[in-house]
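In our numbering, the protein residues as written are 307 to 695. Take a look at the structure below.
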């Protein structure tokens, strides 16, 4: 296999009227090329030569406007802007007898505005609206409302939020082809949903914080195969609900540790079956060590080391999405086993505005498959520098 990716962006920001209004433009782009070759072997005489190329170009205009205080309304800010992007995909994969292809592009534009601020010195509120206009659709308007109520009398914060969501079909879902077997559906409607959540966060001591959150999402127009598995349709509805719990401890000013656990129930409400590849349990343990430099360096600089352990529980997998080692499909539903991944990140200051970093992913070389047949990447290391000038 060979992956080659290029990406980059340029951004300009300008403060006007003494910092009351900040405006900026961002131009970004990426290009990806992936090729995987699978030669014949004793268990499978077929040859696969998969090639995928894709690109994305985007432009955005973002603004922040600070409003003057008015009575009990303080720190109010208006955020607004717009963006445009173009996405292309050109791919062909599989054997000569079962080859999947897509060659398409799509443009989209969006505009957004939001308001956030504080009321009565203890209630933080947010409200936002966004319009998306993907090519080939009439457009979709989504909204979001949220609030956080500080209760210093009991060292707690209450939070609640809700809103709508929108997801356009992928290029493969609309234009993909498997000759003789499958044809994408350009008339697919976007998936859309409504979600809300409510929770509480409490400081049980000066060095410890606990939190609990309940969430509930309902999704309509879910995209799935038709009865003949030859194309896709908007046929399903889903509900995803559950709880998130976390504990953060800070035994010293240079070390902290957060443990979190999410338990969820994800169901296709049309068929009453569990959603594929949605684990019931997810957990994480993250530590942060920020020690002073043992040598002369930038003032107040620290070496920051962040180890992280991520656990993903078992998840259901649908029929025809599971495969034996020889590539033949399994026609009964089953499970994807869970797995644990250990990551480590370290940052070391070099100069006042320059730091070196290294990121290690999957140090234990875990090989679990969150989706059947797709093992997570093995040990990976990335090193570089970050600077602000």
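Ideal placement from N, C-alpha and C gives every residue a C-beta, glycine not left out. Small disclaimer: the values here were computed from a predicted structure and weren't measured.
**Study point:** Assumed close pair residue 623, residue 639 - CB separation to whole angstroms, cut-off 8 Å
**Key:** Reading the chain shown from its first residue, position 317 is the one you call residue 623. Reading the chain shown from its first residue, position 333 is the one you call residue 639. Rounded, the Cβ-Cβ distance is 7 Å, consistent with contact.
Practice item. Measure the C-alpha to C-alpha separation of residue 576 and residue 471 and round it to an integer number of angstroms. Key: Counting from 1 along the chain shown, the entry for residue 576 is found at position 270. Counting from 1 along the chain shown, the entry for residue 471 is found at position 165. The alpha-carbon atoms of residue 576 and residue 471 are separated by roughly 20 Å.
Exercise for review: Could you have a look at residue 676 and say whether DSSP puts it in helix, strand or coil?
Suggested key: Translated into positions along the chain shown, residue 676 becomes position 370. DSSP places residue 676 in coil when its eight states are reduced to three.
**Study point:** Segment contact, 8 Å Cβ cut-off, at least three pairs: the segment 647-660 with the segment 602-609
**Key:** yes
**Study point:** Residue nearest to residue 557 in terms of C-alpha spacing, selected from 590, 594, 308
**Key:** Within the chain shown, the letter at position 251 stands for residue 557. It is 594 whose Cα lies nearest to the Cα of residue 557.
Check your understanding: At what residue ranges does the segment 452-487 contain a whole run of the beta strand (DSSP E), taking only runs of 3 or more?
Key -> 462-473
Exercise for review: Would you list the one or two residues that DSSP bridges to residue 384?
Suggested key: As a first step, residue 384 must be located in the chain shown, where it is residue number 78. In DSSP, residue 384 forms a bridge with 371, 421.
Point to revise | Cutoff 6 Å; reference residue 590; Cβ partners in own chain excluding five residues on either side | key: Locating residue 590 in the chain shown gives position 284, where the first residue counts as 1. Answer for residue 590: 566, 616, listed in chain order.
Practice item. List the residues that DSSP assigns as beta-bridge partners of residue 613. Key: By one-based count along the chain shown, residue 613 stands at place 307. In DSSP, residue 613 forms a bridge with 650.
Exercise for review: Can you tell me the Cβ-Cβ gap for residue 746 and residue 381, rounded? I've got them flagged as a contact below 8 Å.
Suggested key: An answer regarding residue 746 cannot be provided, because it is not within the stretch 307 to 695 covered by the chain.
Check your understanding: Where DSSP assigns a beta bridge to residue 311, which residues make up the other side?
Key -> If you number the chain shown from 1, residue 311 lands on position 5. DSSP output for residue 311 lists 338 as bridge partner(s).
Exercise for review: Determine the burial state of residue 536: buried for a count of at least 16 other Cβ atoms within 10 Å of its Cβ, exposed for fewer.
Suggested key: Within the chain shown, residue 536 is the residue found at index 230, counting from 1. By the 10 Å Cβ count, residue 536 comes out exposed.
Review point. Thinking just about the alpha-carbon of each residue, which of 414, 415, 427, 432 is nearest to the one in residue 421?
Key: Taking the first residue of the chain shown as 1, we reach residue 421 at position 115. Selected option, being the one with the closest Cα: 432.
Review point. What are the boundary residues of the beta strand (DSSP E) that residue 522 is part of?
Key: On the chain shown, residue 522 is found 216 positions in, with the first residue counted as 1. That run of the beta strand (DSSP E) goes 514-531.
Review point. Could you give the distance in angstroms between the alpha-carbon of residue 690 and the alpha-carbon of residue 652?
Key: In the chain shown, residue 690 corresponds to position 384, counting from 1. In the chain shown, residue 652 corresponds to position 346, counting from 1. Distance between the alpha carbons of residue 690 and residue 652 is about 11 Å.
Check your understanding: If you draw a straight line from the C-alpha of residue 586 to the C-alpha of residue 376, how long is it?
Key -> As a first step, residue 586 must be located in the chain shown, where it is residue number 280. As a first step, residue 376 must be located in the chain shown, where it is residue number 70. Roughly 46 Å separates the two Cα atoms.
**Study point:** Sequence-distant residues of the same chain with beta carbon closer than 7 Å to residue 333, five excluded per side
**Key:** Here residue 333 corresponds to residue number 27 of the chain shown, with the count starting at 1. The answer, listed in chain order, is 315, 316, 365.
Practice item. Measure how close the beta-carbons of residue 297 and residue 523 come, nearest whole angstrom, since I'm counting them as under 8 Å. Key: Outside the displayed span of the chain (307 to 695) sits residue 297, for which this structure offers no information.
Exercise for review: List the DSSP bridge partners of residue 389.
Suggested key: For the purposes of this step, residue 389 is identified with residue 83 of the chain shown, where counting begins at 1. Looking at the DSSP assignment, residue 389 forms a beta bridge with 366, 416.
Point to revise | Pick from 396, 402, 369, 399 that is closest to residue 388, judged by C-alpha positions | key: As a working note, residue 388 is residue 82 in the chain shown. Among 396, 402, 369, 399, the Cα nearest to that of residue 388 belongs to 369.
Check your understanding: So does the segment 409-419 actually touch the segment 454-461, counting three or more Cβ pairs closer than 8 Å?
Key -> no
Review point. DSSP puts residue 559 in a beta bridge; with which residues?
Key: For this step, residue 559 is matched to residue 253 along the chain shown. Note: residue 559 sits in no beta bridge, so no partner.
**Study point:** Proximity below 8 Å, CB of residue 550 to CB of residue 564
**Key:** The residue labelled residue 550 in the question sits at position 244 within the chain shown. The residue labelled residue 564 in the question sits at position 258 within the chain shown. Cβ distance not < 8 Å, so residue 550 and residue 564 don't count as in contact.
Practice item. Could you check how far apart the C-beta atoms of residue 479 and residue 528 are, in whole angstroms? I think they sit under 8 Å. Key: Locating residue 479 in the chain shown gives position 173, where the first residue counts as 1. Locating residue 528 in the chain shown gives position 222, where the first residue counts as 1. That belief does not hold up - the Cβ atoms of residue 479 and residue 528 are roughly 12 Å apart, past 8 Å.
**Study point:** Sequence-distant residues of its chain with Cβ nearer than 8 Å to residue 401 (five each side left out)
**Key:** Numbered from 1 along the chain shown, position 95 holds the residue referred to as residue 401. Correct list, in chain order: 352, 353, 354.
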